[in-house]
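Chemist:
Number of protein chains: 2
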Amino acid sequence: MQSTQAKPMSAFTKIKRRPYSRYFTCGDDEPIRLDSGQLFGPIVIAYETYGQLSPTRDNAILIAHALTGDAHCAGHGPDDPEPGWWEPLVGPGRVFDTDRYFIVCSNVLAGCQGSTGPASIDPITNKPYGMRFPVITIRDMVRVQRLLVKHLGIEQLACVAGGSMGGMQAYTWAVEYPEMVRSTISIAAPGRSGAQAIAYNEVMRQAIMTDPAWLQGDYYGTPGPVNGLSTARMLGMITYQSAESMMLKFGRDVMNATSRDLFHFHTQFQVESYLHYQGKKLVDRFDANTYLYLTRACDLFDLGLGYPTYEQALARIDAPILVIGVSSDILYPTQQQLEVVHILEKLGKPVEYAEIDTPYGHDGFLIEFEKMTPTLNAFLEKNVWEHTESKCLGK
Amino acid sequence: MQSTQAKPMSAFTKIKRRPYSRYFTCGDDEPIRLDSGQLFGPIVIAYETYGQLSPTRDNAILIAHALTGDAHCAGHGPDDPEPGWWEPLVGPGRVFDTDRYFIVCSNVLAGCQGSTGPASIDPITNKPYGMRFPVITIRDMVRVQRLLVKHLGIEQLACVAGGSMGGMQAYTWAVEYPEMVRSTISIAAPGRSGAQAIAYNEVMRQAIMTDPAWLQGDYYGTPGPVNGLSTARMLGMITYQSAESMMLKFGRDVMNATSRDLFHFHTQFQVESYLHYQGKKLVDRFDANTYLYLTRACDLFDLGLGYPTYEQALARIDAPILVIGVSSDILYPTQQQLEVVHILEKLGKPVEYAEIDTPYGHDGFLIEFEKMTPTLNAFLEKNVWEHTESKCLGK
Numbered sequence: 005m006q007s008t009q010a011k012p013m014s015a016f017t018k019i020k021r022r023p024y025s026r027y028f029t030c031g032d033d034e035p036i037r038l039d040s041g042q043l044f045g046p047i048v049i050a051y052e053t054y055g056q057l058s059p060t061r062d063n064a065i066l067i068a069h070a071l072t073g074d075a076h077c078a079g080h081g082p083d084d085p086e087p088g089w090w091e092p093l094v095g096p097g098r099v100f101d102t103d104r105y106f107i108v109c110s111n112v113l114a115g116c117q118g119s120t121g122p123a124s125i126d127p128i129t130n131k132p133y134g135m136r137f138p139v140i141t142i143r144d145m146v147r148v149q150r151l152l153v154k155h156l157g158i159e160q161l162a163c164v165a166g167g168s169m170g171g172m173q174a175y176t177w178a179v180e181y182p183e184m185v186r187s188t189i190s191i192a193a194p195g196r197s198g199a200q201a202i203a204y205n206e207v208m209r210q211a212i213m214t215d216p217a218w219l220q221g222d223y224y225g226t227p228g229p230v231n232g233l234s235t236a237r238m239l240g241m242i243t244y245q246s247a248e249s250m251m252l253k254f255g256r257d258v259m260n261a262t263s264r265d266l267f268h269f270h271t272q273f274q275v276e277s278y279l280h281y282q283g284k285k286l287v288d289r290f291d292a293n294t295y296l297y298l299t300r301a302c303d304l305f306d307l308g309l310g311y312p313t314y315e316q317a318l319a320r321i322d323a324p325i326l327v328i329g330v331s332s333d334i335l336y337p338t339q340q341q342l343e344v345v346h347i348l349e350k351l352g353k354p355v356e357y358a359e360i361d362t363p364y365g366h367d368g369f370l371i372e373f374e375k376m377t378p379t380l381n382a383f384l385e386k387n388v389w390e391h392t393e394s395k396c397l398g399k
Numbered sequence: 005m006q007s008t009q010a011k012p013m014s015a016f017t018k019i020k021r022r023p024y025s026r027y028f029t030c031g032d033d034e035p036i037r038l039d040s041g042q043l044f045g046p047i048v049i050a051y052e053t054y055g056q057l058s059p060t061r062d063n064a065i066l067i068a069h070a071l072t073g074d075a076h077c078a079g080h081g082p083d084d085p086e087p088g089w090w091e092p093l094v095g096p097g098r099v100f101d102t103d104r105y106f107i108v109c110s111n112v113l114a115g116c117q118g119s120t121g122p123a124s125i126d127p128i129t130n131k132p133y134g135m136r137f138p139v140i141t142i143r144d145m146v147r148v149q150r151l152l153v154k155h156l157g158i159e160q161l162a163c164v165a166g167g168s169m170g171g172m173q174a175y176t177w178a179v180e181y182p183e184m185v186r187s188t189i190s191i192a193a194p195g196r197s198g199a200q201a202i203a204y205n206e207v208m209r210q211a212i213m214t215d216p217a218w219l220q221g222d223y224y225g226t227p228g229p230v231n232g233l234s235t236a237r238m239l240g241m242i243t244y245q246s247a248e249s250m251m252l253k254f255g256r257d258v259m260n261a262t263s264r265d266l267f268h269f270h271t272q273f274q275v276e277s278y279l280h281y282q283g284k285k286l287v288d289r290f291d292a293n294t295y296l297y298l299t300r301a302c303d304l305f306d307l308g309l310g311y312p313t314y315e316q317a318l319a320r321i322d323a324p325i326l327v328i329g330v331s332s333d334i335l336y337p338t339q340q341q342l343e344v345v346h347i348l349e350k351l352g353k354p355v356e357y358a359e360i361d362t363p364y365g366h367d368g369f370l371i372e373f374e375k376m377t378p379t380l381n382a383f384l385e386k387n388v389w390e391h392t393e394s395k396c397l398g399k
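Chains as they are written, first to last, in our numbering: chain B, 5 to 399; chain E, 5 to 399.
1) Please decide whether LEU335/E counts as near chain B, where near means a Cβ-Cβ distance under 7 angstroms.
2) Mind listing the chain E neighbours of GLY255/B? Cutoff is C-beta to C-beta under 8 angstroms, in chain order.
3) Excluding sequence positions up to five away, which residues of its chain have a Cβ less than 7 angstroms from the Cβ of ILE202/B?
4) Mind checking PRO229/E: buried by the 16 CB within 10 Å criterion, or exposed?
5) 7 angstroms is my cut-off, CB to CB: does CYS396/B come that close to chain E?
6) By the criterion of Cβ-Cβ separation under 8 angstroms, what are the contact partners of PRO216/B in chain E?
7) Name the chain B residues that come within less than 8 angstroms of MET250/E, Cβ to Cβ?
8) With a threshold of 7 angstroms between beta-carbons, can VAL344/B be considered close to chain E, or not?
9) Whole angstroms are fine: how far does the CA of TYR336/E sit from the CA of ALA123/E?
10) Quick one: what's got a C-beta closer than 7 angstroms to THR72/E's C-beta in the same chain, skipping five residues either side?
11) Measure from the alpha carbon of ARG61/B to the alpha carbon of each residue in ARG186/B, GLU343/B, ILE140/B, THR214/B, then state which is nearest.
12) Under 7 angstroms, Cβ to Cβ, is there at least one residue of chain E near GLN482/B?
13) Please list, in chain order, all residues of the same chain as GLY97/E whose beta carbon is under 7 angstroms from its beta carbon, the five residues on each side excluded.
14) Are the C-beta atoms of THR338/E and some chain B residue less than 7 angstroms apart?
15) May I have the straight-line CA-CA distance separating SER234/B from GLY240/B, to the nearest angstrom?
16) Beta-carbon within less than 7 angstroms of LEU38/B's beta-carbon, same chain only, minus the 5 sequence neighbours each way: which residues are those?
17) Does any C-beta atom of chain B lie closer than 7 angstroms to the C-beta of MET208/E?
18) So if I threshold CB-CB distances at 7 angstroms, which residues from the segment 227 to 245 of chain B count as touching chain E?
19) Can you have a look at GLN316/E and say buried or exposed, based on whether 16 or more other CB atoms are within 10 angstroms of its CB?
20) What residues are listed by DSSP as bridge partners for ARG196/B?
21) Please determine, among VAL345/E, ILE328/E, THR392/E, the residue with the shortest C-alpha to C-alpha distance to GLU372/E.
22) Using CA coordinates, which residue listed in LEU156/B, ILE347/B, LEU370/B is at the minimum distance from PHE330/B?
23) What residue from GLU390/B, GLU248/B, ILE360/B, ALA75/B has the CA that sits closest to THR377/B's CA?
24) Restricting to runs no shorter than 4 residues, where is the alpha helix (DSSP H) found entirely within the segment 242 to 303 of chain E?
25) Taking DSSP as the reference, what is the three-state secondary structure of LYS20/E?
26) Determine the direct distance from the alpha carbon of TYR105/B to that of ALA114/B, and round the result to whole angstroms.
27) Beta-carbon of PHE16/B versus every beta-carbon of chain E: anything under 7 angstroms?
28) Am I right that GLN173/B and GLY166/B are in contact with their C-beta atoms under 8 angstroms? What's the rounded C-beta distance?
29) Distance check for GLN160/E and LYS399/E, CA to CA, integer angstroms please.
30) Does any C-beta atom of chain B lie closer than 7 angstroms to the C-beta of PHE305/E?
31) Fully enclosed by the segment 135 to 196 of chain B, which alpha helix (DSSP H) runs are 4 residues long or longer?
32) Under 6 angstroms: does the beta carbon of VAL275/E sit that close to some heavy atom of the ligand PLP?
33) Please report the Cβ distance between PRO182/B and ALA323/B, rounded to the nearest whole angstrom; I am assuming they are in contact, meaning their Cβ atoms lie under 8 angstroms.
34) From TYR297/B to PRO354/E, what distance separates their C-alpha atoms?
35) Let's see if you can read the secondary structure: which residues bound the alpha helix (DSSP H) around TYR314/E?
36) If you measure from the beta carbon of ALA193/B to each beta carbon in chain E, is any gap under 7 angstroms?
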C-alpha cells in the first residue's frame, strides 16, 4: 500500500488532473479478492481530502459519489476555481464542515477519474483492460475505500454519506463494516436495485455496446462510442428529473424556430436540445466502459447478496442512519427508501427518514441543498459532532 | 378517391398481409394539404371493418391505434386466427359490440402496416420516400381518417375511441370535426405532449438515427437499423410499464444462471432478457422510419396548435367525452388527462373521467379490460346506443 501524487496510467485521456488529487495504491503486494471471486490488483484510487484529521482521528467523514461523479466533491478554497459536485454542502461552516471534519472523497473502483478502471493499463498486457476488467460490485468499491481509509490512519469513520450510487455505498459501509461507521447518510438510493432501474441501465448499455465505434470495448486511441454514450446520458438525464420539473424547465418550447420549422426533423424542442447538450458534455469527460461497469455494479446492488436474507443483512447495521428520499424521484422512488426504513424500524435500529419535497426528481440530492441542510445538520450534530472528542480544530 | 383490395407498394417487406385488409386511396386527384402546408398525395390507407353499417349509417365507431398498432384491432371471427390489439373489447357482445356497431380501424398515415408511410414508393422517384416523407401530425392522421370515413358513407361517427396515440387522435377528432362525432373516448393520452414524453421520444429517435445501418433513412433493401430500433423499443417498453409492475413481473431474477454468473456481462437479469426479446420482436414487424415519424407526430401533438389558446381549442368539443387515465402511467401521467378534464369541466362540457387503478402503467389500456369494461359500457350505452336509431342489426 502506498500513497503518491503520481498520475496513474490510463488510456482515458479526458481525466481532469487536479492539483489536489492524491493517489492510493492497494492490491499490489497481495491482490484483492472481489465479490466475483477474482483476485485483482494493483488498484489505484484517486482521492481528495478536506480539513484536518483530528489527533484522536475521530472526525473523518467519507463522501461517496454517484454514477458520473468523482473525488472532487468540493473546491479547496480560493486557489481552487473549480467547484465540486456537492460544493454547497462541503466547506468551512457548511453541513460537512471542513473546520470540524476531515472529509475524504475518492473516485470509485472502475471509475475514470483517476482510479483504476477499464481504461487503465493492465500491467500484464500493457494495454487498457477494456472489457477484460473484472465485473465489480458496490461492495467491491467499498472494500477498496476501506483500505484507503485505513491507510489514512482512520479506524472508524464519523460518517459515510452519499446520494444515488453514493447512497448505495453508504448503505454498504453500514452493513459490511458496522464497526467502522459511527453514522450513515444514504440519499435517494435503494437497498437493492429494482427491475425498472436495471431496465434503464440495460437500455443505456445497449446504446453504447451497439455503437460500432465501441469496438467491443477496445476503442482507446480512437474517438470511441461517442453516439452510444451520448444517447445513454440523454436517457440517464430523463431518469434524474421528473415530468413536472422537465415541463417547468422546458415546456413545449422550440429552439430558435418558428412554428413552420416544427415540421423538420432538425428543429429541436428545447428539451431535445438540452439532452443533446448533456450527452455531448458527458462524452467530453467520461469513459464509456466505465459507464458500463458502474451501471452493472448498480444492477448487481443488493444489500442482501451473500446473506441468508435481505433482513439479516440490514440487521448488521449498528450506527444511527439517516435515509433521505426525494418525493419526485422516478429512478429510485421513495418506496425503495421506505422499504429499508421500515425493515430497520422493525429491527429496532436507530433509523431516521426524511423526504425532500421537490419537483426536481432524483437530481434533487444535487440541487435541493437548502431543503436538505436542516435535516443533515441536525443528524450530524446529534450523531456525529456530539460524539467527536476533538472539537478544537481550527476553531 | 377509391377503395381497393390491392396491395399498396411499399419497401417495408414485413407488412402483415391480412385477408380482411382493405385499402382506400385519397389525395390522388387533388393532393392533401398537411399541417406543414405541404401538399401530399396520393395516400393509401389500410383499414379493416367489423359488423355492419346500419341503414341510417348512425352506428359507426372509429377505433384509433397507438404507436406500433395497426388496423387489426380484433380478429374477424372463427376463420381469422389472429387476435387484434384490442381483441377483448371488440367483437359480438363485447364493449365495441360488432352486433350493434360498425367498427372501422385504419392504419395511420406514416404507418407501416399498409398505409402510406416512409417505406412507400414515391410515385415521382419510384423509390421509397425515406426521410423525404413529410413530417406529419396527429391532425394529419385524423384528416385522412375523415376522408376514409366519408368514403364509407358515414356523415357522423357514433364514437371515436383510442388509447395513447389513439387517444390523441380521438381528442383531435372531437376538436377538429365536432360535427362529425357523437361521442369520444380518449384513454391514457395527453391533450398536448409534455417535455418528458418528447425527451423519451428523442432518445429513441437518437438510438435509431445514430445506428450507421439507418443510412439517413435510405436503408430499404438492407437489414436497416436493427440495433437502433431494438434499443428504441426497449426504452419504449419501460415507459409503458411501471416500477411496480416490472418488479412484480421480473424482480431481480436472473436468466438461467447461478449467482456466480452474475459477474459476466452476458448474464441477463430477466428484465433485460425480456427487453431484448421485445426489441427484436418489434424489429420483425415495424419500420424504423415510421417509428421516427410517429414519435415526432406525438411530440408535435398539441390540441391548441393553430388556435388562439389551448382552452379555445378544447371549447370546440361538443359531444360527450370519456377521458380515462391509468393510475400508474409514467408516460402520460394522469395529471395530463386531468388537465383536459378540468378545462372541459370549467367550460361546462359533458366530460366524464375514470381512472384505471392498476400497477401495469401506460400499457394498462391494453391489459385491464375487465376494469375498463363497466365504464366503457355505461358510457357507450348512455351516449351512443341510446341515440342510435337502427338497433336491429343482427339482433
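No residue lacks a Cβ here, since even glycine has one placed at the ideal position from N, Cα and C.
What you are looking at is a predicted structure, and each value in this text was computed from that prediction instead of being measured.
Modeler: Taking the geometry as given:
1) Under the Cβ criterion of 7 angstroms, LEU335/E is not counted among the residues facing chain B.
2) Result: ALA199.
3) Within the same chain, ILE202/B has close Cβ partners ASP303.
4) So PRO229/E counts as buried.
5) With a pLDDT of 49 at CYS396/B, under the threshold of 50, the modelled position of this residue cannot be trusted, and the question is left open.
6) Here the neighbours are PRO216.
7) Those are GLY198, ALA199, GLN200, ALA203, listed as they occur along chain B.
8) In terms of beta-carbon proximity, VAL344/B stays away from the interface with chain E, with every pair separated by 7 angstroms or more.
9) Computed Cα separation, rounded: 29 angstroms.
10) Excluding residues within five positions, the ones whose Cβ falls inside 7 angstroms are LEU286, PHE290.
11) Each of ARG186/B, GLU343/B, ILE140/B, THR214/B was checked against the Cα of ARG61/B, and the nearest Cα belongs to ARG186/B.
12) Residue 482/B lies beyond the range of chain B shown here (5 to 399); nothing can be said about it.
13) Closer than 7 angstroms at Cβ, skipping near neighbours: ASP103.
14) Residue-level contact check: THR338/E does not touch chain B, since none of the beta carbons of chain B fall below 7 angstroms from its beta carbon.
15) Approximately 10 angstroms, taken between the alpha carbons.
16) The answer, listed in chain order, is PHE44, PRO138, ILE140, ASP144.
17) Cβ-Cβ to chain B under 7 angstroms: no for MET208/E.
18) So the list reads ASN231, THR235, MET238, LEU239, ILE242, given in the order they occur along the chain.
19) Under the 10 Å beta carbon count, GLN316/E is surrounded by fewer than 16 other beta carbons and is classified as exposed.
20) Beta-bridge pairing links ARG196/B to ASP306/B.
21) For the residues VAL345/E, ILE328/E, THR392/E, the minimum Cα distance to GLU372/E belongs to ILE328/E.
22) Note that residue 330/B is Val in the sequence shown here, rather than Phe. Comparing C-alpha distances from VAL330/B to each of LEU156/B, ILE347/B, LEU370/B shows the shortest one belongs to LEU370/B.
23) Minimum Cα distance to THR377/B is reached at ILE360/B.
24) List check, alpha helix (DSSP H) in window: 247 to 254, 274 to 287.
25) Coil.
26) So the two alpha carbons sit approximately 27 angstroms from each other.
27) Output row for PHE16/B: interface = no.
28) The pair is a contact, with the Cβ atoms about 5 angstroms apart (cut-off 8 angstroms).
29) Low confidence applies here, because LYS399/E scores a pLDDT of 44, under 50, leaving its location unreliable; read the following figure in that light. Between the C-alpha atoms of LYS399/E and GLN160/E there is a straight-line separation of about 23 angstroms.
30) Chain B contact via Cβ: absent.
31) Listed in chain order, the complete alpha helix (DSSP H) runs (minimum 4 residues) inside the segment 135 to 196 of chain B are 142 to 155, 169 to 180.
32) For the ligand PLP, the structure offers nothing, since it holds no ligand at all.
33) Yes, PRO182/B and ALA323/B are in contact; Cβ-Cβ is about 7 angstroms, under 8 angstroms.
34) The C-alpha of PRO354/E is placed about 54 angstroms away from the C-alpha of TYR297/B.
35) Looking at the DSSP string, the run of the alpha helix (DSSP H) that includes TYR314/E is 314 to 318.
36) With 7 angstroms as the cut-off, ALA193/B does not count as an interface residue toward chain E.
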